[in-house]
Each structure stands twice: as structure tokens, then as C-alpha cells.
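Participant: Everything in the sequence shown is counted per UniProt numbering, starting at 1 for the first residue and increasing by one. Each residue gets a CB set at the ideal place from its N, CA and C atoms; glycine is no exception.
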Amino acid sequence: MRTGIRVFGDTGLLRQAPALRSVYVDAFCAPPWEEDESRADEFVTRLAADARRPGFTAATASCDGQVVGFATAWITPAPFPTDRCHPQAVAGLGPQRTADWLCGALEVDELAVRAAARGTGLAARLLAAVTADAPGGRAWLLTSVRSTRALSFYRRQGWAQATHPAPEGRGSVVLLGPRHPARTLVPLPLPLSPPLLLPLPPSLPL
1 MRTGIRVFGD
11 TGLLRQAPAL
21 RSVYVDAFCA
31 PPWEEDESRA
41 DEFVTRLAAD
51 ARRPGFTAAT
61 ASCDGQVVGF
71 ATAWITPAPF
81 PTDRCHPQAV
91 AGLGPQRTAD
101 WLCGALEVDE
111 LAVRAAARGT
121 GLAARLLAAV
131 TADAPGGRAW
141 LLTSVRSTRA
151 LSFYRRQGWA
161 QATHPAPEGR
171 GSVVLLGPRH
181 PARTLVPLPL
191 PLSPPLLLPL
201 PPSLPL
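1. Have a look at the DSSP bridge pairing and note the partners of glutamate 110.
2. Is it buried or exposed for glutamate 110, if we count other Cβ within 10 angstroms and need 16 for buried?
3. Can you tell which of Arg97, Arg2 and Phe28 has its C-alpha closest to the C-alpha of serine 144?
4. Among Thr163, Leu13 and Ala17, which has the Cα closest to the Cα of residue 294?
5. If I follow the unbroken beta strand (DSSP E) through serine 147, where does it start and stop?
6. Report the CB separation of glycine 9 from phenylalanine 56 in whole angstroms; it is logged as a contact under 8 Å.
7. Candidates Gln66, Arg146 and Ala73: which alpha carbon is nearest alanine 132's?
8. Identify whether phenylalanine 8 lies in helix, strand or coil by the three-state DSSP scheme.
9. Say yes only if the C-beta of valine 113 is nearer than 7 Å to one or more non-hydrogen atoms of the ligand NAP, and no if none qualify.
10. Would you be able to state if there are at least three C-beta pairs under 8 Å between the stretch 51-69 and the stretch 10-20?
In C-alpha cells:
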């Protein structure tokens, strides 16, 4: 079995759009994401525009000639975007930190690997490939708290969680890459408070 990583910095990635869609369906249209296949069509449609973004970079992983994973990223513009899940980043970080930490940094948009190729190290190689040239080491991404597996993966790669939604939340969190200069400044989640023990009322006389 031969596995290789190929990096793209232009629209050449679009020639593999059908294969990328197939990987997207395999990765995200199953638990815990459970997306509808129409989201895969949306991904392919916006990929044509994304590939023309400033600082666009992508990587594909192929095994025996078949695409089994991919990652896409680009430079986050200023002012900070207001589409998709970007408002959740602002809500968690605040406007000033968002501008200072995320604008001008490399934003990892998608990272997907076929179920059959998980556990082989391909996801880590794809992530490293698209973030290798992040300006000043500044790389970041948003991911949903629905997947504890994804969060654990990024933590193992040295990414720091910069926002902390309420327990059992269903929102997205901001993660800063291992070379991001602000990763040491991220707030830690507050510990859960122990239950408040109230004194029992005095017994009433019979």
C-alpha cells in the first residue's frame, strides 16, 4: 500500500472535486456529524471560490491512487468574516482578540479522512502539510464540540482550545495551532463548582 501527500496552492485541486466530495460524504455524513449529502454539494460549489482566496493551500492524501483524505486552508481576511460559524469565534474571543489572533492567520477550513484510513496518521500529516507555511506560525480553526474524537485529535497535535462553551453545548470552539504565539494566552475552562451544601432545618417538635 502506497500513501502520499500532495500540496496545492492554486485551483489545481478542483480537478479532484468528485473524489473530494466522496471523501467529504464518508467523513461527515455519518456520526457524530450526520450531515446531509447536500452539504457535500455545497462544499464542492464553494471550493471553486475558496481556491481563489489569498493564501489558499490544500493537501490531499492518496492511497494506491485513490484520494482518502484532504485538508483546505487560507488566510483569514480583515475585517473578520461574518458568514458560516465565524460569529461564534467572535462571541467566544471578543472582537479585539479575534482581530489580533485570527485576522491574517491561516484558517484551516476542512480536514477529512475516510473512515477506513483513520488511525493511520494521515490526518496529522494533512494538518501539518497545510499549516507548514502559516504566517508567523499563526494557524487556527473552528470545530464543533459534538466530536470529542476530533477535539482529542487536535489536542494531541498540540492545538490549544481558546474558547470554552457551556458544558453539553453544541457550538463551535476556536483552536490555535501549536506555533501560534497566542496559544499560551488562551483562558482555561472554569472548573465545575461543587454542589452547594445547605444546612438541614432544625427538627420540629412532635
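Facilitator: In terms of the structure at hand:
1. Here residue 110 refers to the residue found at position 110 of the sequence shown. DSSP, once it has assigned bridges, lists Thr72 as partnering glutamate 110.
2. Position 110 of the sequence shown, counted from the first residue, corresponds to residue 110. Buried, since its Cβ has 16 or more Cβ neighbours within 10 Å.
3. For the purposes of this step, residue 144 is taken as the residue at position 144 of the sequence shown. Among Arg97, Arg2 and Phe28, the Cα nearest to that of serine 144 is on Phe28.
4. The structure shown does not extend to residue 294, since the chain spans only 1 to 206, so no value can be given for it.
5. Residue numbering aside, residue 147 sits at position 147 when the sequence shown is read from its first letter. No beta strand (DSSP E) holds serine 147; DSSP gives it neither H nor E.
6. The sequence position of residue 9 within the sequence shown is 9, counting from 1. The sequence position of residue 56 within the sequence shown is 56, counting from 1. Contact flag correct, Cβ pair sits at about 7 Å.
7. The count along the sequence shown starts at 1 and reaches residue 132 at position 132. Of the candidates Gln66, Arg146 and Ala73, the one whose C-alpha sits nearest the C-alpha of alanine 132 is Ala73.
8. On the sequence shown, residue 8 is found 8 positions in, with the first residue counted as 1. Looking at phenylalanine 8 - three-state DSSP - the assignment turns out to be strand.
9. Among the components modelled here there is no ligand, and therefore nothing to report on the ligand NAP.
10. yes
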